[in-house]
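The next block holds one structure in the form of C-alpha cells; read it before the comments.
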Amino acid sequence: MTIAMRRGEFPASYDKAKGIDLQMNDDYPPFNYAINDELLPHWKEFANALKQFTPAINLLPDNCESFFSFYCVQLNLDAMLLIKEALIGKSFRKFSFTNNDNGDGARGGMSVDAILDIVESNKHLRKLDIRKNQIGREYIPRLCSTVRNYPLVELEIFDSCAPGIGDQMLTALLTGGDLKLERLDMSHNNITSLGITILSDYLATNPALKYLFLASNEFNDSDAELIANALRTNMTLRYINLEGNINMNYDGAGAKAFRLVLCDESSLNAAAGSNHKCFCVLCDYSNRHEQRQINRASKIYRLLSSRNRMLSNVNHFDDIDVKMLPNMLEAVGKYHDAVREYNENAYPPFSYVDPISIMYEIMRKWDKAFPLYKALGVESIETS
0 MTIAMRRGEF
10 PASYDKAKGI
20 DLQMNDDYPP
30 FNYAINDELL
40 PHWKEFANAL
50 KQFTPAINLL
60 PDNCESFFSF
70 YCVQLNLDAM
80 LLIKEALIGK
90 SFRKFSFTNN
100 DNGDGARGGM
110 SVDAILDIVE
120 SNKHLRKLDI
130 RKNQIGREYI
140 PRLCSTVRNY
150 PLVELEIFDS
160 CAPGIGDQML
170 TALLTGGDLK
180 LERLDMSHNN
190 ITSLGITILS
200 DYLATNPALK
210 YLFLASNEFN
220 DSDAELIANA
230 LRTNMTLRYI
240 NLEGNINMNY
250 DGAGAKAFRL
260 VLCDESSLNA
270 AAGSNHKCFC
280 VLCDYSNRHE
290 QRQINRASKI
300 YRLLSSRNRM
310 LSNVNHFDDI
320 DVKMLPNMLE
330 AVGKYHDAVR
340 EYNENAYPPF
350 SYVDPISIMY
360 EIMRKWDKAF
370 PLYKALGVES
380 IETS
C-alpha cells in the first residue's frame, strides 16, 4: 500500500471507486500494540507516503469516486496525529472512519475532533461515514455545523449515539439551517419519539433528502403514522427504513399508515393521488420502480384488475358518451404496459388481469366509462 501511494497510485481500485482502504479485524493487531510505540514506525512510514500522495483525483471519471477508509484501525495518540496531519487538505470525495472509537490516547482510532478537522480541510468532500464511533454530546454543534456548511450529501452515523444523544443529534441536524444531505443513516442510535414532530415537519417540506435510514431505534406506531403523513407532500424521498424499531411492527398502525399513503385503493382517484416515489421497508407495499409514472400506472391497473375479478368496475363509473370508448381502450392498454414493466423487477410482482377482461366488462356498460379515463390522468379529450 505504501509503495503504491509513493508512486501516486490508488492502492485500492474497485468498479466505481479508487482510494485507500485499510481494514483490520477486531482482534488484530492486539490493542497493546496499538497503544504503545511498537507500530509507530510503520505508521510514520504510512503517514509520510500519504502526505506525499498526490493522485489526479479530479481527473477521475464522473462515475468513479475517490475515498479514504479506515475500518477498525487502532491507533495511539501519536499515530492518530500523524494520520490526521497527512490527511489535512487531501481532496478525497469520501472519508470513512468506522468502528474506530475515540483515539484519545486509549485504545481506539481517529477522534471525532480529528475527523472534523480533516473534513473541514476538504472542500471536495461529498460523503462522510463515521459508523460505530462514540459521538458525545459535546461534538453535536460542530458536527452539525460542518454538515451544513460543507458540500456533504451523505452522512452515516450508524450506532454512534448513546441514549439521549441520538435525539439531540437528529434534532440539531434538522433544525440548524439549510441541510443539503441526500442520504442520512442514523440507525441504531437510541432515537425516541422526542423529535418525531421535527422529523415529520422536515420531511413534509420536500427537502433534498432521498434516502433515510432510521432502523432499530425506539420509534412507535404513532411516530410512523406522522412520518407516513409527511410523505403525502414529499416527492423527493426515495427510500425510508424503519424496520427493527422496538415499538413498531409490520402489521401495526404505522405500517398500515404507510400502506395507505403509498397505495390508497379506496378509489381510482385515491390510487392516482398516492405517493409514487418512496420505498418503505416496513409495509407490504412500496414503490419499486425508479419512474414515478410507472408506479402510479401500476397501482391504477392493479385496482382495476382487483375490481374486474368481481365485475365491479362499472359500479364506480358515471354515465359517459360512447365516443369515449376508443380513448378508454387506449388508456387501459397504456397502463397495462406500465404494470408489465413494473413487474420485470418487482418482487412480489403485481397480480393483474389481461386488459381485454377489463375492456369486456366496461363495454357491457360503456356509457359509464368516462370517469375511469379521467382518473387515469387524462385532463381533456377530443371528441370530434
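For the sequence shown, numbering that gives the first Met the number 0 begins at 0 and goes up steadily by one.
Cβ atoms here follow ideal geometry from the backbone N, Cα and C, with glycine treated the same way.
Note that the structure is predicted; figures quoted are calculated from it, not measured.
Review point. Using the C-alpha atoms, what's the distance from L127 back to Y70?
Key: Straight-line spacing of the CA atoms in Y70 and L127 works out to 13 Å.
**Study point:** Proximity winner among D112, I114, V352, D220, relative to G332 (alpha-carbon distances)
**Key:** Scanning D112, I114, V352, D220 for the CA closest to the CA of G332 turns up V352.
Review point. Going by other Cβ atoms of all chains shown within 10 Å of its Cβ, with 16 needed for buried, is H41 buried or exposed?
Key: For H41, the number of other beta carbons within 10 angstroms of its own is below 16, and it is reported as exposed.
Review point. What are the start and end residues of the alpha helix (DSSP H) that includes S305?
Key: Note, S305: alpha helix (DSSP H), 291 to 307.
Review point. Out of curiosity, what's the CA-to-CA distance linking N148 and K209?
Key: Their Cα atoms are separated by approximately 19 Å.
Review point. Whole beta strand (DSSP E) runs in the region 206 to 287 with 3 or more residues, listed along the chain?
Key: With a minimum length of 3 residues, the unbroken runs of beta strand (DSSP E) contained wholly in the region 206 to 287 fall at 210 to 212, 238 to 240, 278 to 280.
Exercise for review: Mark A176 as exposed unless 16 or more other C-beta atoms lie within 10 angstroms of its C-beta, in which case mark it buried.
Suggested key: This sequence places Gly at residue 176; Ala is not what is there. Counting Cβ neighbours within 10 Å, G176 comes out exposed, since fewer than 16 surround it.
**Study point:** Beta-carbon spacing of S90, N121 below 9 Å
**Key:** Their beta carbons are under 9 Å apart, which means S90 touches N121 by this criterion.
Point to revise | Contact under 9 Å by Cβ, M234 with R182 | key: Cβ atoms of M234 and R182: not closer than 9 Å.
Check your understanding: In angstroms, rounded to a whole number, what distance separates the CA positions of L211 and I357?
Key -> I357 has its alpha-carbon roughly 39 Å from the corresponding atom of L211.
Review point. Which partner residues of S65 appear in the DSSP bridge assignment?
Key: In the DSSP assignment, S65 forms a beta bridge with K17.
Check your understanding: Which residues bound the alpha helix (DSSP H) around E84?
Key -> Taken as a continuous stretch (DSSP letters only), the alpha helix (DSSP H) holding E84 covers 76 to 86.
Review point. Would you call the CB atoms of G165 and N216 closer than 9 Å?
Key: Yes, the pair counts as a contact, with Cβ atoms nearer than the cut-off.
Review point. Can you check whether the CB of Y300 is closer than 9 Å to the CB of F257?
Key: No, Cβ-Cβ distance for F257 and Y300 is not below 9 Å.
Review point. V280: which of G272, L213, A229, N219 sits nearest, CA to CA?
Key: Closest by alpha carbon: L213.
Exercise for review: Would you mind giving the Cβ-Cβ distance between I19 and A46, rounded to the nearest angstrom? I have them listed as a contact below 8 Å.
Suggested key: Incorrect: roughly 12 Å between the Cβ atoms, too far for contact.
Practice item. Kindly indicate which residue of N342, R92, A48, T174 has the alpha-carbon position closest to the one of A16. Key: The candidate whose alpha carbon is nearest that of A16 is R92.
Exercise for review: Taking only the alpha-carbon atoms, compute the straight-line gap between P206 and V72 and give it to the nearest angstrom.
Suggested key: Distance between P206 and V72, taken at the CA atoms: about 35 Å.
Practice item. May I ask which residues mark the beginning and end of the beta strand (DSSP E) holding E155? Key: Run containing E155: 153 to 155, per the beta strand (DSSP E) assignment.
Review point. Which residue comes first and which comes last in the beta strand (DSSP E) that contains D430?
Key: Residue 430 lies beyond the stretch modelled for the chain, which goes from 0 to 383, so this question has no answer here.
Check your understanding: Using a Cβ-Cβ cut-off of 8 Å (strictly less than) and excluding sequence neighbours within five positions of D14, which residues of its own chain qualify?
Key -> For D14, where only same-chain residues beyond five positions count, there are no Cβ hits under 8 Å.
Review point. Helix or strand or just coil, what does DSSP make of D167?
Key: Reading the sequence as shown, one finds Gln at residue 167 and not Asp. In this structure, Q167 counts as helix in the three-state DSSP scheme.
Point to revise | Beta-carbon spacing of L21, A78 below 9 Å | key: Taking 9 Å as the Cβ cut-off, L21 and A78 do not qualify as a contacting pair.
Point to revise | Own chain, CB closer than 7 Å to Y385, minus 5 neighbours either side, in chain order | key: Outside the modelled stretch of the chain, which goes from 0 to 383, sits residue 385, for which no answer is possible.
Check your understanding: In or out: N268 buried (at least 16 other Cβ within 10 Å) or exposed?
Key -> N268 comes out exposed.
Check your understanding: Closest by CA to T53, which one among C63, G7, L59?
Key -> Of the candidates C63, G7, L59, the one whose C-alpha sits nearest the C-alpha of T53 is G7.
Review point. In chain order, what residues of the same chain have a beta carbon less than 7 Å from the beta carbon of V118, not counting five sequence neighbours either side?
Key: For V118, where only same-chain residues beyond five positions count, the Cβ hits under 7 Å are F94, L124, L127, T145, Y149.
Practice item. Using the DSSP secondary-structure output, state which residues sit across from F94 in a beta bridge. Key: BP columns for F94 point to F67, L127.
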